[in-house]
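As you go down the protein sequences, you meet chains G and E in turn. Count the first sequence with numbering that gives the first Met the number 0 and you get residues 0 to 365, in order. Count the second sequence with numbering that gives the first Met the number 0 and you get residues 0 to 335, in order.
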Amino acid sequence: MLRTEEMLLNVGPQHPSTHGVFRLVLKIDGEIIKEAKPVIGYLHRGTEKLAEDLQYTQIIPYTDRMDYVSAMTNNYVLCHAVETMMDIKVPERAEYLRVIAMELGRVASHLVWWGTYLLDLGATSPLLYAFREREMIINLLNELSGARLTFNYMRVGGVKWDAPEGWIEKVAEFIPYMREQLKGYHTLVTGNEIFLNRVKGIGKYTKEEAINFSLSGANLRCTGVKWDLRKNEPYSIYDRFDFDVPVQDGGDAWARYQVRLAEIEESLKILEQACEQFPAEGDILAKVPKIIKAPKGEAFVRIESPRGEIGCYIASDGKKEPYRLKFRRPSFYNLQILPKLLEGESIANLISILGAVDIILGEVDG
Amino acid sequence: MVEELLHSQAGIFNFGVFFLLAVVLLLVVLGFVTYAILAERKVMGFMQLRQGPNQVGGRWGLLQTVADVLKLLVKEDTIPKLADKPLFIIAPVIGFAPAFMVMATIPFTDKLQFADLSVGLLYYIAISGLTTIGMVTGGWASNNKYALLGGMRAAAQMISYEIPLVMSVLGIILLTGSLNLNEIVAAQENVWFILLQPVAFIVFLIASVAELNRIPFDLPESENELVAGFTTEYSGFRWAMFMLAEYVYMFAMASLTTVLFLGGWLPLFSFLDFIPGAVWFALKFTVVIFLLIWFRSTFPRIRADQLMEFGWKVLLPVALANIFLTAIIKEVMNLF
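Below, the structure is given as structure tokens:
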């Protein structure tokens with residue numbers, strides 16, 4: 000018997016597949032992981048602390064930089080929290096614009112995940128296909144907000160810009176196109192034997208574990224828990240749309256993959272209905288005071304971001320800046336189960352598991 | 000011509016001729032590699048909604064690879080402080096030399112061949128296995144954990160795939176009764192071996208992609224897992240040597256596939272024999288190369304343990320069964 004030794008391997012912060020500056024310290028025996036220790040904080044910018052010195056409207060661009068793949072939901076959660084505290088009624092047209100923007104963002108976010116996940120598994124082409132469609136969404140959002148990634152679009156009480164002429168029609172045109180492309184995605188990847196071997200049974204956990212680890216989003220729904228805040232606690236105008244919450248009960252990477260692709264289709268359904276119901280005219284910003292002062296007290300709201308439940312807690316002492324601002328950032332919570340999942344897996348599976356969690360480091364580190 | 004030279008007296012003149020021929024072959028191979036890389040980038044660009052290189056050297060990017068190689072040549076030569084220096088330097092050479100050596104036996108046409116060995120196929124397989132030693136050495140000498148893992152993967156992969164590769168061609172050797180590549184091509188006068196030995200062809204193709212370390216079997220490098228595998232610490236021209244070896248093998252393996260299964264320089268139909276053999280060879284060769292590029296842009300990467308399992312539990316038994324069947328059928332045919 001040969002003498003063997005455990006080896007300490009440092010994965011990241013600079014590594015092709017850690018999706019940013021995520022670091023893992025692995026204790027490996029050959030290629031088998033004995034122990035994994037995630038190290039985070041390389042992208043910490045202190046959003047919550049900075050917010051304490053900023054007025055509410057000034058905080059909005061900071062939220063863009065948390066989950067930079069789906070900035071619209073971050074914008075929304077902050078505005079929603081302030082509106083809840085101040086009891087502002089948002090005009091209908093603004094609500095529709097918000098929902099369309101958020102759902103487009105959700106589709107774009109899942110496309111980025113799909114492309115990069117396949118890239119992690121070694122397939123190079125899907126990334127480019129996904130980014131072609133994402134580019135169209137980005138262009139649409141660019142027309143709406145003037146920015147491609149950090150939109151800074153929503154305001155307390157509504158949105159900053161109205162939809163340009165013909166924009167809703169462009170969104171409506173995009174929906175059937177995207178459906179057609181989704182079929183192509185399934186043909187290219189979903190049935191591929193090598194791909195199935197890489198994801199089936201990988202990173203498996205049970206319903207109870209998912210709930211105990213406070214997972215949310217596709218990471219929760221892949222275990223069979225039908226929980227989506229858009230359905231269970233409708234915010235904005237989500238109760239007006241008819242859509243399903245895709246659920247799988249495998250609990251593995253394959254289930255997460257299926258849930259996310261199905262979610263794209265559901266988002267397209269919502270978009271379709273929102274484009275139909277879009278009010279012809281109306282205000283896009285409610286009557287709000289020039290200087291926004293949240294009344295004394297506190298509020299917590301939560302919504303469904305592409306990655307899970309994103310929450311925003313505001314404690315206010317009645318000034319124009321929050322006394323304390325706290326975000327429940329889903330990527331951070333979803334990441335907590337990682338060390339447990341990695342034990343006994345190989346390095347190749349590590350990439351597959353980490354990719355399937357769908358983390359955004361800007362959100363993990365806050 | 001080469002035959003006569005081989006049997007002539009040793010002398011300065013003969014040495015000069017051999018040297019010249021080797022240089023010519025090297026230039027041909029380098030020329031191929033230059034444009035194979037361009038072709039790969041162009042074809043992948045086409046499949047991935049991109050342009051591919053289109054700036055250096057006109058709108059087809061004809062000089063892009065040349066520029067890339069030049070850039071690698073003038074790059075600073077770095078060797079990690081804690082690396083095993085002699086091994087680190089010699090590893091790319093060990094990796095590249097066999098790749099070039101195997102080229103000698105490939106019969107491009109019935110006349111154009113550098114060494115007509117009677118055991119050409121055996122020579123090819125034996126020599127091509129040596130490259131792995133270069134990879135393992137490079138992985139070990141880098142003193143980098145990722146490189147080490149990549150090197151170990153390379154060794155494991157070589158053992159799992161060399162054997163099915165050899166087994167798959169045994170059927171052809173049974174049919175022709177020769178290890179000489181020329182005779183193997185000549186035996187395909189009437190029907191190509193891809194039709195007589197379809198199972199062997201599939202096993203050979205899969206095993207050869209694994210041999211070439213290309214997606215879906217590019218585990219020793221696997222960018223997304225091991226950063227760059229055994230080449231992690233290599234840069235500049237040492238790195239280029241490894242890449243060169245990879246592409247020369249692509250050339251060699253595509254040639255071997257053409258020779259073994261696609262009838263080498265023989266025309267598709269006998270009435271088309273006015274087209275020179277070199278053209279036929281190039282055509283078939285291009286098809287194989289295109290297939291390899293196509294694989295690269297569509298498949299995800301297989302996992303190391305699955306690869307070993309596939310090699311030992313699927314490919315090897317299939318290849319063995321193929322030999323058995325071929326032998327039986329051959330004997331039965333001989334009875335009548």
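Glycine included, every Cβ here is placed at the ideal spot set by N, Cα and C. For clarity, every value in this text was computed on a predicted model and none was experimentally measured.
Please report the distance separating the alpha-carbon of residue i from that of residue j.
i                         : j                         : result
aspartate 243 of chain G  : valine 111 of chain G     : 22 Å
valine 92 of chain E      : serine 207 of chain E     : 22 Å
tyrosine 95 of chain G    : leucine 103 of chain G    : 12 Å
valine 106 of chain G     : glutamate 82 of chain G   : 26 Å
glutamate 30 of chain G   : methionine 151 of chain E : 10 Å
isoleucine 162 of chain E : valine 65 of chain E      : 37 Å
isoleucine 58 of chain G  : leucine 324 of chain G    : 10 Å
proline 12 of chain G     : arginine 306 of chain G   : 22 Å
asparagine 9 of chain G   : lysine 33 of chain G      : 13 Å
glutamine 196 of chain E  : isoleucine 124 of chain E : 19 Å
lysine 70 of chain E      : isoleucine 136 of chain G : 38 Å
alanine 153 of chain E    : methionine 134 of chain E : 7 Å
arginine 213 of chain E   : leucine 164 of chain E    : 16 Å
threonine 131 of chain E  : alanine 318 of chain E    : 23 Å
arginine 92 of chain G    : proline 294 of chain G    : 26 Å
valine 32 of chain E      : isoleucine 89 of chain E  : 22 Å
lysine 159 of chain G     : leucine 284 of chain G    : 7 Å
alanine 314 of chain G    : arginine 64 of chain G    : 22 Å
lysine 225 of chain G     : glutamine 335 of chain G  : 21 Å
glycine 30 of chain E     : glutamine 63 of chain E   : 13 Å
aspartate 86 of chain G   : arginine 97 of chain G    : 18 Å
leucine 204 of chain E    : methionine 332 of chain E : 27 Å
alanine 50 of chain G     : alanine 209 of chain E    : 54 Å
threonine 136 of chain E  : alanine 96 of chain E     : 14 Å
lysine 88 of chain G      : aspartate 52 of chain G   : 26 Å
Classify residue i: buried if its beta carbon has 16 or more other beta carbons within 10 angstroms, exposed otherwise.
i                         : result
glycine 281 of chain G    : exposed
methionine 157 of chain E : buried
alanine 18 of chain G     : For the sequence presented, residue 18 of chain G should be read as histidine rather than alanine. Buried, since its Cβ has 16 or more Cβ neighbours within 10 Å.
histidine 109 of chain G  : buried
aspartate 119 of chain G  : buried
tryptophan 59 of chain E  : exposed
isoleucine 327 of chain E : exposed
asparagine 321 of chain E : buried
leucine 181 of chain G    : buried
isoleucine 274 of chain E : exposed
lysine 41 of chain E      : buried
glutamine 187 of chain E  : buried
According to the Cβ coordinates, are residue i and residue j closer than 7 Å?
i                            : j                       : result
glycine 202 of chain G       : alanine 355 of chain G  : yes
cysteine 78 of chain G       : valine 155 of chain G   : yes
phenylalanine 241 of chain E : glycine 138 of chain E  : no
methionine 252 of chain E    : leucine 211 of chain E  : yes
alanine 35 of chain E        : tyrosine 246 of chain E : yes
asparagine 333 of chain G    : leucine 228 of chain G  : no
threonine 46 of chain G      : glycine 365 of chain G  : yes
arginine 194 of chain G      : proline 215 of chain E  : Correcting the residue identity first, residue 194 of chain G is phenylalanine in this sequence and not arginine. No, the pair does not count as a contact, with Cβ atoms beyond the cut-off.
valine 68 of chain G         : leucine 360 of chain G  : no
threonine 325 of chain E     : glycine 170 of chain E  : yes
leucine 349 of chain G       : leucine 341 of chain G  : yes
lysine 319 of chain G        : glutamine 54 of chain G : yes
For residue i, go through chain G and note every residue whose CB falls closer than 8 Å to its CB, in chain order.
i                            : result
alanine 303 of chain E       : Glu30, Ser345 and Ala347
asparagine 223 of chain E    : Pro15, Ser16, Leu118, Asp119, Leu120, Gly121 and Ile350
phenylalanine 298 of chain E : Gly121, Ala122, Asn191 and Ile193
proline 215 of chain E       : Gly121 and Ile193
Kindly list, in the order they appear in chain E, the residues whose Cβ is closer than 7 Å to that of residue i.
i                       : result
serine 6 of chain G     : Residue 6 of chain G is actually methionine in this sequence, not serine. Correct list: Lys144.
leucine 284 of chain G  : Here the premise fails: no neighbours, minimum Cβ distance about 39 Å.
leucine 127 of chain G  : Gln47, Leu48 and Arg49
arginine 131 of chain G : Leu48
In chain E, what lies closer than 8 Å to residue i by C-beta?
i                         : result
asparagine 196 of chain G : Ile301, Arg302 and Gln305
*Counting pairs of beta carbons, one from the stretch 172-190 of chain E and one from the stretch 214-229 of chain E, are three or more of them closer than 8 Å?*
no
*How about the stretch 63-80 of chain G and the stretch 267-279 of chain G: do they share at least three Cβ pairs that are nearer than 8 Å?*
No, they do not touch.
_I want to know whether the stretch 139-153 of chain E touches the stretch 113-123 of chain E - three or more CB-CB distances under 8 Å._
Because the criterion of three Cβ pairs below 8 Å is not met, the stretch 139-153 of chain E and the stretch 113-123 of chain E do not touch.
*Determine contact between the stretch 36-56 of chain E and the stretch 97-109 of chain E, defined as no fewer than three beta-carbon pairs at a distance below 8 Å.*
no
*At least 3 beta-carbon pairs within less than 8 Å: the stretch 191-208 of chain G vs the stretch 321-334 of chain G*: No: fewer than three Cβ pairs fall under 8 Å.
*Do three or more CB pairs link the stretch 235-249 of chain E to the stretch 67-79 of chain E at distances below 8 Å?*
Look at the beta carbons and you see the stretch 235-249 of chain E touching the stretch 67-79 of chain E: at least three pairs across the two are nearer than 8 Å.
*Within the chosen definition, does the stretch 141-151 of chain G reach the stretch 13-20 of chain E through at least 3 CB pairs nearer than 8 Å?*
no
*asked:* Contact between the stretch 243-260 of chain G and the stretch 217-230 of chain G is defined here as three or more beta-carbon pairs at a separation below 8 Å; is this criterion met?
replied: With a cut-off of 8 Å on Cβ pairs, the stretch 243-260 of chain G is in contact with the stretch 217-230 of chain G, counting three or more such pairs.
_Inter-stretch contact (C-beta, 8 Å, three-pair minimum) for the stretch 119-130 of chain G and the stretch 178-196 of chain G_ = yes
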